[in-house]
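There are 6 protein chains.
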Amino acid sequence: MAHVEVGEVVRALRGARDEWRARQKRARELGPREFPSREALAGIVESLKGALFPMRLGPPDLRHENEDFYVGHTLDAALQGLLAQARLELNFSARHAPADAQEEIDALAARAVRDFAEALPGLRRLLDTDVLAAYQGDPAARSVDEVLLCYPGVLAMIHHRLAHKLYALGLPLLARIVAELAHAQTGIDIHPGARIGAGFFIDHGTGVVIGETAVIGQGVRLYQAVTLGAKRFPTDAEGHLQKGLPRHPVVEDEVVIYAGATILGRVTLGKGATIGGNVWVTDDVAPGASVTQASLQKAPGVRA
Amino acid sequence: MAHVEVGEVVRALRGARDEWRARQKRARELGPREFPSREALAGIVESLKGALFPMRLGPPDLRHENEDFYVGHTLDAALQGLLAQARLELNFSARHAPADAQEEIDALAARAVRDFAEALPGLRRLLDTDVLAAYQGDPAARSVDEVLLCYPGVLAMIHHRLAHKLYALGLPLLARIVAELAHAQTGIDIHPGARIGAGFFIDHGTGVVIGETAVIGQGVRLYQAVTLGAKRFPTDAEGHLQKGLPRHPVVEDEVVIYAGATILGRVTLGKGATIGGNVWVTDDVAPGASVTQASLQKAPGVRA
Amino acid sequence: MAHVEVGEVVRALRGARDEWRARQKRARELGPREFPSREALAGIVESLKGALFPMRLGPPDLRHENEDFYVGHTLDAALQGLLAQARLELNFSARHAPADAQEEIDALAARAVRDFAEALPGLRRLLDTDVLAAYQGDPAARSVDEVLLCYPGVLAMIHHRLAHKLYALGLPLLARIVAELAHAQTGIDIHPGARIGAGFFIDHGTGVVIGETAVIGQGVRLYQAVTLGAKRFPTDAEGHLQKGLPRHPVVEDEVVIYAGATILGRVTLGKGATIGGNVWVTDDVAPGASVTQASLQKAPGVRA
Amino acid sequence: MAHVEVGEVVRALRGARDEWRARQKRARELGPREFPSREALAGIVESLKGALFPMRLGPPDLRHENEDFYVGHTLDAALQGLLAQARLELNFSARHAPADAQEEIDALAARAVRDFAEALPGLRRLLDTDVLAAYQGDPAARSVDEVLLCYPGVLAMIHHRLAHKLYALGLPLLARIVAELAHAQTGIDIHPGARIGAGFFIDHGTGVVIGETAVIGQGVRLYQAVTLGAKRFPTDAEGHLQKGLPRHPVVEDEVVIYAGATILGRVTLGKGATIGGNVWVTDDVAPGASVTQASLQKAPGVRA
Amino acid sequence: MAHVEVGEVVRALRGARDEWRARQKRARELGPREFPSREALAGIVESLKGALFPMRLGPPDLRHENEDFYVGHTLDAALQGLLAQARLELNFSARHAPADAQEEIDALAARAVRDFAEALPGLRRLLDTDVLAAYQGDPAARSVDEVLLCYPGVLAMIHHRLAHKLYALGLPLLARIVAELAHAQTGIDIHPGARIGAGFFIDHGTGVVIGETAVIGQGVRLYQAVTLGAKRFPTDAEGHLQKGLPRHPVVEDEVVIYAGATILGRVTLGKGATIGGNVWVTDDVAPGASVTQASLQKAPGVRA
Amino acid sequence: MAHVEVGEVVRALRGARDEWRARQKRARELGPREFPSREALAGIVESLKGALFPMRLGPPDLRHENEDFYVGHTLDAALQGLLAQARLELNFSARHAPADAQEEIDALAARAVRDFAEALPGLRRLLDTDVLAAYQGDPAARSVDEVLLCYPGVLAMIHHRLAHKLYALGLPLLARIVAELAHAQTGIDIHPGARIGAGFFIDHGTGVVIGETAVIGQGVRLYQAVTLGAKRFPTDAEGHLQKGLPRHPVVEDEVVIYAGATILGRVTLGKGATIGGNVWVTDDVAPGASVTQASLQKAPGVRA
């Protein structure tokens with residue numbers, strides 16, 4: 017190894033960093049790293065899962081009569097961790113703000129974490145509907161416990177419901193990290209901004225993508241590789257999204273979308289509609305309608 | 017943090033749990049958690065991989081002449097762990113059974129683990145055919161060792177062959193967890209019930225879904241995003257599966273299915289058939305036939 | 017557990033291994049395991065990420081003024097680890113070579129690691145263009161830091177640019193392991209041999225497959241489930257690739273390929289072309305052309 | 017390494033074990049190991065320390081208002097762990113008992129753990145007196161917190177008070193292990209049987225030995241290398257203890273014993289006595305008396 | 017376990033804590049725990065050892081030419097950790113100070129850590145003399161490397177020289193913790209306040225106690241169980257030390273003290289004196305004198 | 017932290033190292049660190065303990081019928097680790113030897129490890145006598161299992177018997193590290209060179225020191241703080257040992273030595289002699305004699 021001049025490489029790497037920072041107009045004196053940590057959030061989410069479902073996702077030896085001790089201690093630690101991460105995100109967002117904004121930022125972070133904590137019981141109730149939907153929607157499911165432990169779609173929804181709350185509370189970066197943790201494990205990519213009603217079930221799940229402004233009603237069911245995306249053509253030659261505009265589908269209650277279907281743009285899939293596998297949809301679908309490969313010949317704006 | 021009333025949140029979460037348990041008719045006195053553990057099974061599967069392929073998936077410093085010591089010790093620990101998990105599953109399944117059934121359950125668990133242990137040498141031989149198929153099927157593969165260490169399709173098959181045995185021995189929940197561990201790592205979702213012949217190879221793999229009653233012959237090759245699923249329309253408006261019925265494809269020997277193809281329902285792909293990429297198949301395909309995007313215009317029940 | 021005859025199973029497993037080794041013509045006396053380790057490479061890649069992006073992917077408490085100490089120490093350890101793995105790969109490749117080749121192998125390994133080290137500053141600059149492309153290509157991105165930490169497409173490119181260098185330096189197995197580590201985390205499967213220009217961005221990413229001889233220009237953008245594969249039919253009934261021949265697409269600068277599109281064979285997508293979602297392309301596309309589902313009726317060799 | 021015949025050594029070691037077991041009349045078929053675990057008890061004691069002193073020996077981020085959640089959860093886990101260890105000790109003690117004694121043993125273990133749990137608040141109060149004694153007895157001590165975190169004598173007393181309770185509840189082996197854990201860390205060897213009053217302080221501590229039947233009053237202070245042992249000569253040429261008889265000193269309230277003093281046999285050190293360094297005492301010392309090197313010339317039975 | 021009322025025990029423990037806090041006049045609202053951490057300091061000391069002796073106490077794969085990278089990175093992390101601990105100690109000391117003292121405390125902590133850092137090269141030079149003294153003083157020592165890795169006396173001195181510096185910089189609690197870490201490992205108890213000259217060697221070491229105001233010259237050698245303590249009798253019936261007064265021995269250059277000797281009070285052992293094993297000294301010893309068991313009959317104030 | 021100039025400290029520390037190396041005549045180009053590792057040896061000793069006493073010091077779930085698998089696998093790994101450490105010691109010893117000595121050194125290391133392995137069954141038998149001696153010598157001991165798990169004297173003897181074998185095989189540094197590991201845990205300091213017969217028992221143990229050339233017969237019993245040291249005065253004013261000469265006591269069979277006794281020089285304690293507590297012995301003691309504080313007035317060379 018005597019021939020690798022590590023010192024040379026270190027110098028050259030510093031040169032590359034300096035170039036980048038100059039181009040990014042980042043001051044040379046950055047101070048310590050101020051950014052939320054994926055590892056910290058992974059730990060926090062694990063704790064929150066345990067606090068939400070203590071007898072299934074908590075420690076293996078938990079006893080029913082002492083659940084609350086576990087929930088209280090775990091929650092307290094998780095919320096403290098979350099507060100620290102929230103401060104990091106808000107400080108990073110406000111990195112060009114005047115120095116005396118710290119107090120206000122701390123208050124914002126504290127308020128966000130308090131609101132998040134108070135929302136947890138409601139999130140638990142919502143997640144119970146998702147677990148039930150998975151159990152009822154998959155004849156292979158033997159118990160709700162199996163669903164909670166094994167189904168990637170349920171894992172993705174636990175992350176999403178937590179992430180969506182963080183997103184709504186003004187912590188989009190924490191929300192994104194929580195969502196990506198589920199994406200990496202399940203192959204299901206739900207943007208934290210998506211609004212999803214009760215009783216949502218994704219089967220298999222790998223390759224599902226749900227965009228930021230998607231709105232999904234109650235009792236909706238999705239299979240693997242379904243995309244609820246933004247329509248980019250024909251008018252937009254570059255494919256760039258306009259930020260903030262509603263640009264993803266509205267999916268009404270009780271819709272079922274089979275594997276590989278692609279729904280693009282601010283279209284509405286009417287209540288109870290069924291979208292067949294691999295179908296490509298860029299126009300509204302009427303309530304109760306069934307769109308399949310076979311039906312595509314006749315319907316404008318719906319192609320396979 | 018003084019303003020988060022953790023005690024309040026703990027009480028409200030308990031309320032949510034009580035509601036759920038009341039609705040699920042779960043007695044308030046549940047006793048300790050009795051459910052198989054994903055973490056425990058992950059450890060057991062790692063040990064079994066080491067016992068099956070000691071010089072490649074065992075400890076890095078293993079020496080050839082002492083393989084058997086490692087295999088024996090690792091196997092013993094893995095089988096004890098599996099026995100504990102098997103008891104947890106069987107007890108959970110029998111949670112409404114009379115209290116004196118414990119002895120019978122223990123005997124069932126012990127028998128299942130013994131049968132599983134005795135099946136391992138056969139599974140190793142089957143997996144050798146899968147490794148060989150991957151090596152021969154991918155011109156980029158440089159050695160069988162590389163295939164064993166690097167190919168997600170091979171990892172998925174190791175998990176599947178173990179999971180399928182557990183499934184056949186009456187431990188469907190353990191089987192499911194073993195399968196999901198591979199799904200999370202590879203994006204390949206094979207139901208433990210699927211019957212798969214020797215020399216099976218999945219290339220790339222992300223997004224592959226193989227259903228519970230699928231039957232696959234020898235020497236079959238699959239690419240990424242292939243679905244062997246159940247046909248749900250046009251007749252079934254709700255998309256619900258009838259549990260237990262054969263509802264997934266039969267794929268005969270030497271069939272090749274290219275990326276993104278979707279085969280639905282209890283159809284048969286005849287021996288040596290080739291299914292092109294992104295093709296949508298809901299009818300039988302004759303032995304030796306080649307179905308591609310181009311050929312779809314003519315064949316009924318086969319569409320792109 | 018008294019009834020599992022572990023000794024019997026150990027003997028039967030040895031029998032299976034002996035059969036395999038006999039069939040593979042592997043000598044009974046193999047000596048210690050000589051093969052690169054996935055775990056070791058995972059650690060090395062983590063260190064390299066830290067050395068490349070110390071303030072974002074390094075330790076959380078790193079301070080700007082002492083970056084170089086961290087970079088130097090981490091790099092030194094990572095390169096030593098890489099040297100050991102490189103020796104393992106080269107020794108494995110040369111396992112039938114005469115015993116006195118060791119010195120030459122060691123020199124080869126040392127040279128490869130030195131060249132790799134010297135390439136790192138250049139790779140950092142390339143990766144900066146990828147980060148910038150992701151930031152500019154996704155209106156939801158709030159900062160380059162978020163992109164670096166959260167985007168699976170960026171993670172995949174860090175791994176790919178390291179893996180591609182290893183591949184070019186004659187270490188294809190190490191390269192493959194580095195690529196598979198990203199594949200497992202992101203669902204993005206890029207062969208280390210693929211040549212990819214600056215400013216490359218993959219959005220969402222799950223299910224993307226890019227083949228060994230693909231050539232991609234600057235400023236290209238891809239969405240989930242895009243395949244840049246080899247054309248296998250109609251002429252090749254078995255679907256076997258000819259090794260080494262250019263068989264994957266050439267994608268020129270500024271091309272955009274939407275989700276689910278499949279491009280097969282040594283075709284060229286001309287500069288600035290746009291390929292729509294789920295489109296199936298097996299012929300050249302002219303510069304600036306836009307291929308969508310709608311346009312497919314007219315273009316030969318391009319089908320949906 | 018090829019020349020170490022591990023198999024031979026394994027066989028010879030088995031021979032040695034078989035000899036031992038034959039000599040010890042241990043049946044060849046021992047079943048699984050049934051013995052308390054030092055590691056498990058170390059973890060349990062750490063948890064109990066946290067439950068007793070949550071803000072000092074609990075997790076660093078504990079907040080005052082949520083102490084009870086931590087205490088309850090930690091205690092519950094520790095007591096479950098202790099119950100398992102208690103069963104192991106009682107089963108081991110009763111290893112020659114009839115097989116149907118298990119229920120009785122389980123009841124014994126449960127009762128012991130319940131009594132232990134109920135004794136904890138009293139032990140905390142006792143330990144508070146020890147902490148205070150250390151703080152008041154050492155002018156170098158700056159706060160009770162420092163004493164609790166830094167003083168080996170306090171650590172030894174936390175272990176002793178827990179161990180003494182276990183000993184009194186019929187779990188002498190668990191008690192011994194708890195005591196030895198402190199011995200290894202502090203060099204202070206207190207037999208769990210010793211009865212020690214409130215406000216006990218050991219300074220420095222290395223080399224202190226306190227025997228099983230020692231009785232120590234309130235407010236006693238000891239320095240390093242003090243022995244409260246059994247008198248073995250002149251009458252007992254072999255130096256064997258008669259088991260169970262009171263054979264160690266009685267130390268009354270407010271006694272101070274300086275470093276290296278040795279007190280042997282069932283002698284009484286009267287209230288408020290002072291024993292000088294390195295003094296050797298084998299007879300009673302009157303209340304308030306001061307025994308030093310200088311005074312030894314005159315006192316029979318007390319020598320330096 | 018159903019019969020342990022954990023809730024009851026939790027309540028009773030809280031009662032015991034409340035009593036203690038009331039008696040200690042600690043406000044009910046303590047806020048989060050603010051106290052230095054033994055675990056954190058253990059980690060910091062390990063890092064400092066590595067930074068002081070990189071090739072022996074640093075990472076095993078360190079290469080000579082890249083030592084400085086390791087030293088710099090490790091030092092930086094250790095000093096940041098130390099700064100955090102220093103703040104905790106100073107805040108704890110000032111816990112009754114007005115709230116606006118924080119800035120001053122932070123400045124004090126920063127200055128202490130800076131001074132500590134700048135003292136490290138000098139400490140390394142001093143420790144080199146200790147290592148050399150051990151090597152030259154023990155004929156069994158084979159190399160200075162062996163001495164550095166194996167000798168408990170050297171470990172104790174590394175801790176002491178660091179602790180003494182912290183003590184001198186106004187951080188007596190951190191100093192104490194660093195000293196106790198060595199005490200627990202070696203049985204050698206050196207108060208951080210003791211002033212010890214170059215080339216100090218303790219052989220075997222168990223049971224050595226050196227008090228706060230002891231002053232030790234150059235080239236001194238000590239064996240196990242030597243006490244350099246405070247004289248407490250005959251005049252002080254309670255044995256209480258007067259804080260701050262010089263009360264421990266002065267040991268001049270080149271003195272040797274054999275095992276078990278006890279030197280008490282502010283006496284002076286003159287240059288080059290030899291104190292025999294188990295000897296008890298409470299008066300000055302002349303330079304060059306040799307005090308042994310045999311000589312004790314004649315010398316007043318020196319007894320065996 | 018901005019004010020600590022870490023770079024300055026790094027430079028100054030390098031200066032201190034350079035001085036030391038210059039003075040120690042160590043070449044500037046040292047190459048990688050070549051020295052045995054305390055951590056590695058700690059792991060090796062743990063494995064050896066498990067291999068020697070599988071059902072008590074092995075893994076908690078070990079089953080009797082599969083002991084040999086565990087023993088074989090553990091032994092193999094431990095011996096490989098030991099071989100690596102032996103090479104490091106021998107290379108370090110031979111660091112001034114010609115470069116072509118490597119082959120010879122490797123052969124020496126291999127032979128030492130083989131001889132060590134073959135000695136293990138004999139060591140197990142010896143240790144069984146020590147366990148039995150402790151069980152029979154302490155009336156408080158309830159079972160041989162308790163003795164094996166709890167008694168520091170037994171732990172020290174396991175380490176010593178392993179260390180003594182390493183010492184005899186020409187690996188004194190490894191031996192020393194193994195001995196110091198026990199010293200740190202137990203406060204018992206036995207030089208690896210000491211020759212100790214069967215059935216040796218040390219009670220309590222803290223502060224025991226046994227020198228390099230001590231020879232101890234069968235059935236000997238020792239208590240805490242006993243020293244078997246070298247006589248250094250009156251003739252040797254400096255207290256330096258002559259290396260290699262027999263200079264520590266010979267203790268014949270069945271001798272008992274009580275706490276705090278100091279035996280110095282090449283004296284012989286005759287068979288069955290009893291040495292009382294705190295006694296100081298520098299002359300031979302006749303077989304069967306009993307030396308106590310009271311008897312010391314008459315015996316020359318024996319003082320208290």
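Chains as they are written, first to last, in the numbering used here: chain A, 17 to 320; chain B, 17 to 320; chain C, 17 to 320; chain D, 17 to 320; chain E, 17 to 320; chain F, 17 to 320. We treat Cβ as the ideally placed atom computed from N, Cα and C, and that holds for glycine.
In whole angstroms, give me the CA-to-CA distance for residue i and residue j.
i: D:Pro-250; j: E:Gly-59; result: Confidence at D:Pro-250 is low in this model, with a pLDDT of 41, below 50, so the placement of that residue should be treated as unreliable; the coordinate-derived value is given next. Rounded to the nearest angstrom, the two C-alpha atoms are 51 Å apart.
i: C:Ile-107; j: C:Arg-130; result: First, the residue type needs correcting, since residue 107 of chain C is Asn and not Ile in the sequence shown. Roughly 18 Å separates the two Cα atoms.
i: E:Pro-208; j: D:Ala-113; result: 56 Å
i: A:Lys-181; j: A:Ser-109; result: 18 Å
i: F:Ala-123; j: F:Met-173; result: 29 Å
Compute the beta-carbon to beta-carbon distance between residue i and residue j, rounded to the nearest angstrom, for a pair I have assumed lies under 8 Å.
i: C:Glu-83; j: C:Pro-70; result: 5 Å
i: C:Ala-102; j: C:Ser-63; result: With 8 Å as the limit, C:Ala-102 and C:Ser-63 do not qualify as a contact, their Cβ atoms being about 15 Å apart.
i: A:Ser-159; j: C:Pro-76; result: Actually they do not touch by this definition, with Cβ atoms about 41 Å apart.
Put residue i into one of helix, strand or coil per three-state DSSP.
i: C:Thr-284; result: strand
i: B:Arg-263; result: coil
i: D:Ser-306; result: strand
i: A:Phe-51; result: coil
i: E:Val-369; result: Absent from the structure is residue 369 of chain E, since the part of chain E shown begins at 17 and ends at 320.
i: C:Asp-252; result: Because the pLDDT of C:Asp-252 is 45, which lies under 50, any placement of that residue in the model is unreliable, and the number read from its coordinates should be weighed accordingly. If DSSP states are grouped into helix, strand and coil, C:Asp-252 belongs with coil.
i: E:Phe-69; result: coil
Using beta carbons (cut-off 7 Å, strictly below), is residue i in contact with chain E?
i: F:Glu-119; result: no
i: A:Val-22; result: yes
i: C:Phe-85; result: yes
Would you say residue i faces chain D, with C-beta separation under 7 Å as the test?
i: B:Val-25; result: no
Say whether chain B places a C-beta atom closer than 7 Å to the C-beta of residue i.
i: A:Thr-222; result: yes
request  = Pull out every residue of the stretch 112 to 138 of chain D whose Cβ sits closer than 7 Å to any Cβ of chain E, in chain order.
outcome  = Ala-126, Val-129, Arg-130, Ala-133, Glu-134, Leu-136, Pro-137
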